[in-house]
Amino acid sequence: MSTIMTFNAAQEIENAEIDMLSSRLKALQAMSENPMQVQLKKFGSATAFSSKIIAGPTFNTVKGIAFTNTDEIDEIISYYQSLQIPCRFEITPAQGTTELFQYLSQKDFYQSSFHTALYSIPGQDFSLPPSNISVRKLKENEFHTFADIYVQGFNMPSFTKDGVRRNNEILYNQPGWHFFIAEVQNTPASIGVLYINKGVASLAASATLPEFQRKGCHTALIQKRIETAVESNCNLIVGQARFGSGSQNNMERAHMKIAYTKSIWTAKDM
969 MSTIMTFNAA QEIENAEIDM LSSRLKALQA MSENPMQVQL KKFGSATAFS SKIIAGPTFN
1029 TVKGIAFTNT DEIDEIISYY QSLQIPCRFE ITPAQGTTEL FQYLSQKDFY QSSFHTALYS
1089 IPGQDFSLPP SNISVRKLKE NEFHTFADIY VQGFNMPSFT KDGVRRNNEI LYNQPGWHFF
1149 IAEVQNTPAS IGVLYINKGV ASLAASATLP EFQRKGCHTA LIQKRIETAV ESNCNLIVGQ
1209 ARFGSGSQNN MERAHMKIAY TKSIWTAKDM
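Residue numbers 969 to 1238, in the numbering used here, belong to the letters of the sequence shown in order.
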């Protein structure tokens, strides 16, 4: 892929994000009796993701939407209403059209936020982390530590820790998934996840304990995941972050470029 952003390149980046979330949710869906009540459903080019147990927008969202006809959008909205889950659309500049935005507005949706997608072509220019930070692969019996860092890093309620552990542990032996931990002077401080599929490496979740934030842990994990992507002969690296966040800035410092900002549309009664 060229470093020049085109409609096709934007579509490839969006597809990588869809593939990553699909892999994660299909693993949860395959658990005995589907305890997270996960569903994935295709509507034309769009994929509707949902979990009735895991609240929030991360797993309850529509990706890949493109305006073909109003019936398709109506079907998606009705689908989420039947699940009693708020409907949320993520729209890239390559997919956004006047017709799509106007129709969503007519259906009482509004643009509520932006989200940044980043990308880079793998190279060999790796920066060494600070001497007091080491990064290694997470061991299979360390997901309690992973969950503790994740929950504290994202300021989540402590009761969610076991769910975070279980929902990531199940991915450990799934194809393409890689888990890393950064330690500061041998103390676990930060975690990072990488998903590789079809030659594309996706920088997935990363979190740092509050007391170790802004000390280089996140940057070290970005570099380690990029290095792993190069070793795996990937031809594209992608990531996503809240617009203007420290995560976005750290990816840019690692020579990743902004591909686009997504337009997030939510229903007015959410």
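Backbone N, C-alpha and C define an ideal beta-carbon position, used for all residues, glycine too.
Since this is a predicted model, take the numbers as computed values, not measurements.
Cβ contact annotation for PRO1025 (same chain, cutoff 6 Å, sequence separation greater than five): ARG1056, in chain order. At a cut-off of 3 residues, the continuous stretches assigned as beta strand (DSSP E) that sit fully inside the segment 1080 to 1132 are 1101 to 1105. A distance below 9 Å separates the beta carbons of LYS1183 and ALA1157. Looking at the DSSP output, LEU1162 bridges to HIS1146 and LEU1171.
Here LYS1183 carries a coil assignment [DSSP, helix/strand/coil]. Taking CYS1202 as the centre and dropping the five residues before and after it, the same chain places the C-beta of PRO1090, ILE1164, GLY1167, VAL1168 and ALA1169 closer than 7 Å to its C-beta, in chain order. For TYR1228, no alpha helix (DSSP H) encloses it; the enclosing beta strand (DSSP E) starts and ends at 1225 to 1235. The residue among THR1155, ASN976, ILE1021 and ARG992 with its C-alpha nearest the C-alpha of ASN1141 is ARG992. Take the alpha-carbon of ASP1237 and the one of SER1200: they are about 45 Å apart. In the displayed model, THR1196 falls within a helix according to three-state DSSP. In terms of Cβ geometry, LEU1068 and PHE1035 form a close pair [threshold 9 Å]. Under DSSP, THR1029 forms a beta bridge with PHE1017. Nearest to HIS1146 by alpha-carbon distance, out of ASN1218, SER1000, GLN1208 and LYS1107, is LYS1107. Judged by DSSP in its simplified three-state form, PRO1178 adopts helix.
In the three-state DSSP reduction, ILE1138 falls in the coil class, being neither helix nor strand. The Cβ atoms of TYR1087 and ILE972 do not sit closer than 9 Å to each other.
LEU1204 is bridged by DSSP to VAL1168. With respect to PHE1011, GLU1043 sits close: the two C-beta atoms are nearer than 9 Å.
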